Amino acid sequence: MPGRKFCFDHKIRMAHERTPSYAFNIMTTNAILNLTEPTEMAQSNQSLEQNTQSLYWQAVLARDGSQDGRFVFAVSSTGVYCRPSCPARRPRRENVTFFRKPDEAENAGYRACLRCRPKAAGGNGTTEMVKAMCRYIEQHLDEPLTLARLGEEFRQSPFHLQRTFKSVLGITPRAYADSCRMNQLKDNLRAGHSVTRSMYDAGYSSSSRLYERTASQLGMTPDKYRRGAIAAPIRYTCADSPLGRMLIAATDKGICSIQFGNSDGELEQGLRHEFPFANRRRDDEAMQSWKKDLLRQMRGQRLNAALPLDIQATAFQRRVWAHLQSIPFGATRSYAAVAKAIGQPTATRAVARACATNPVAIAIPCHRVVCKSGDMGGYRWGVERKRALLEMEHV
Ligand SMILES: [Zn+2]
17 MPGRKFCFDH KIRMAHERTP SYAFNIMTTN AILNLTEPTE MAQSNQSLEQ NTQSLYWQAV
77 LARDGSQDGR FVFAVSSTGV YCRPSCPARR PRRENVTFFR KPDEAENAGY RACLRCRPKA
137 AGGNGTTEMV KAMCRYIEQH LDEPLTLARL GEEFRQSPFH LQRTFKSVLG ITPRAYADSC
197 RMNQLKDNLR AGHSVTRSMY DAGYSSSSRL YERTASQLGM TPDKYRRGAI AAPIRYTCAD
257 SPLGRMLIAA TDKGICSIQF GNSDGELEQG LRHEFPFANR RRDDEAMQSW KKDLLRQMRG
317 QRLNAALPLD IQATAFQRRV WAHLQSIPFG ATRSYAAVAK AIGQPTATRA VARACATNPV
377 AIAIPCHRVV CKSGDMGGYR WGVERKRALL EMEHV
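Counting along the sequence shown from 1, when you hit position 62 you're at 78 in the numbering used here, and nothing is skipped either side.
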């Protein structure tokens, strides 16, 4: 299998632009001078307006970040509006209209620029944009990620994007993606998954070249790392629940598995399958309080604190699962609505997959996601249990 191609280290040289100097405080001075006769005032207002526009335009030409938040400029030829500091190419003056607030520009039919994010909170468009790039990279670790593709997404030249990213984070987008993958890989290995699966799930291709590079970053081979990490103890209990036998398992850090089954044997076999290398020990007493909490949660009682979870997830699963936890008791959402809520409206199927791989029933209430048609949809622990849960929640 050919390795992923990265084009992050592409180097292009470009001269730095000179920032033109201009005086921004003229505007205030003129405003104070405007208090004379009504007719004269109207006249001065007009000239102030012109003067303001001319100062705004100078700020735009200078990409003056100190003016971010004071106004936005909209470009009729593109239908987009920007912060003064937007790094995009300057438009022609005759195509530019100024607005005090992003909302005004939007009311006039303009869209927010994806590059400078004029609506984002915080004065610094560059930082906001780099944050958005980080989120994007985290969510696409399992896809080939090139500077060109990032550039397309954020409407910048690959060169410019790399420079901006590096100026904020000190590392290249590629290095950032690498470190995300490495963290994911460590998590997966610690969970006791096989090296192949861990690498694959972390977005690595399984070439031997990558295996070697990974080994050098880990300081040991992934296999050795895994063997060292997997001695982790897992305690578990099996108990009765309204949905039949229930297994709860936990590491030192939190609950790692909540399953339903027909018998303890079946549940224990599942746990062995999921954590083949862990040190599994049944400990009903130690798990007592979590068991009680979970049964209370099933009945819709509020817990004093959310159950601590210790689960592995891809960036995408993490987003879906976090959203599921925000669906209140007694409510449901469609798979499509969840996809939309996490900002990936076309990812309905991926959302369904994330629900189907939820390792902790109830704690992550994947049973509250149903089909748009009103159909029940699937459930990892059987549709009958899903129906019973929703009935308990009076849905
Ligand atoms: Zn912009």
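A virtual CB, placed ideally from N, CA and C, is assigned to each residue, including glycine. Being a predicted model, the structure only gives us computed values, none of them experimental.
- Neighbourhood of ligand 1, defined by CB distance below 7 Å to any of its heavy atoms: V96, C98, R99, C102, A104, C129, R131, C132 and P134, in chain order.
- M149 has its alpha-carbon roughly 26 Å from the corresponding atom of C371.
- Assignment of M314 by DSSP, reduced to helix, strand and coil, places it in the helix class.
- By the neighbour-count definition (other C-beta atoms within 10 Å, threshold 16), V76 is a buried residue.
- C-alpha of D158 to C-alpha of L166: approximately 14 Å in a straight line.
- In the three-state DSSP reduction, C132 falls in the coil class, being neither helix nor strand.
- When the Cα atoms are used, G85 and F115 turn out to be separated by approximately 11 Å.
- Taking 7 Å as the cut-off, the Cβ atoms of Q275 and G260 do not count as close.
- Here Q341 carries a coil assignment [DSSP, helix/strand/coil].
- In this structure, F291 and G208 form a Cβ contact; the two beta carbons are roughly 5 Å apart against a cut-off of 8 Å.
- Linking L323 to V91 through their CA atoms gives a straight-line distance of about 50 Å.
- In the DSSP assignment, N295 falls within the beta strand (DSSP E) that extends over N295 to R298.
- The residue among D119, N123, C129 and F89 with its C-alpha nearest the C-alpha of N111 is F89.
- Around the CB of Q155, 16 or more other CB atoms lie within 10 Å, so the residue is classed as buried.
- Contact holds between the region 378-388 and the region 346-358, because three or more Cβ pairs, one in each stretch, are under 8 Å apart.
- A residue is called buried once 16 or more other Cβ atoms fall within 10 Å of its Cβ, and Q178 is buried on that count.
- By the Cβ neighbour-count rule, G219 is buried, with 16 or more other Cβ atoms within 10 Å of its own.
- It is roughly 14 Å from the alpha-carbon of C129 to the alpha-carbon of V146.
- Sequence-distant partners of P118 (beyond 5 residues in either direction) whose C-beta falls short of 6 Å from its own C-beta, in its chain, are V88, P134 and K135.
- By the neighbour-count criterion, in which 16 or more other beta carbons inside 10 Å mark a residue as buried, G277 falls on the buried side.
- According to the DSSP secondary-structure assignment, F87 is paired through a beta bridge with D84.
- Of the residues C98, I187, A78 and N204, the one whose Cα lies closest to the Cα of I327 is N204.
- For R213, the secondary structure class from DSSP, reduced to helix, strand or coil, is helix.
- Taking the Cα positions, S210 is about 50 Å away from G95.
- For C102, the secondary structure class from DSSP, reduced to helix, strand or coil, is coil.
- Counting along the chain, no alpha helix (DSSP H) covers F291, and no H or E run does either.
- Unbroken beta strand (DSSP E) stretches of 3 residues or longer found wholly inside the region 129-194: none.
- Taking all protein chains in view, the Cβ of E301 is surrounded by fewer than 16 other Cβ atoms within 10 Å, so the residue is classified as exposed.
- Taking K307 as the centre and dropping the five residues before and after it, the same chain places the C-beta of T253, A255 and I264 closer than 7 Å to its C-beta, in chain order.
- In the DSSP annotation of this structure, the continuous segment of the beta strand (DSSP E) that includes P249 starts and ends at P249 to S257.
- Here DSSP, grouped into helix, strand and coil, assigns Y227 to helix.
- I153 counts as buried, since at least 16 other C-beta atoms from the protein chains shown sit within 10 angstroms of its C-beta.
- Distance from the CA of T362 to the CA of R297, rounded to the nearest whole angstrom, comes to 42 Å.
- In this structure, G270 keeps its C-beta atom at 7 Å or more from the C-beta atom of L340.
- In terms of CA proximity to G125, S93 leads the group V411, S93, E282 and P381.
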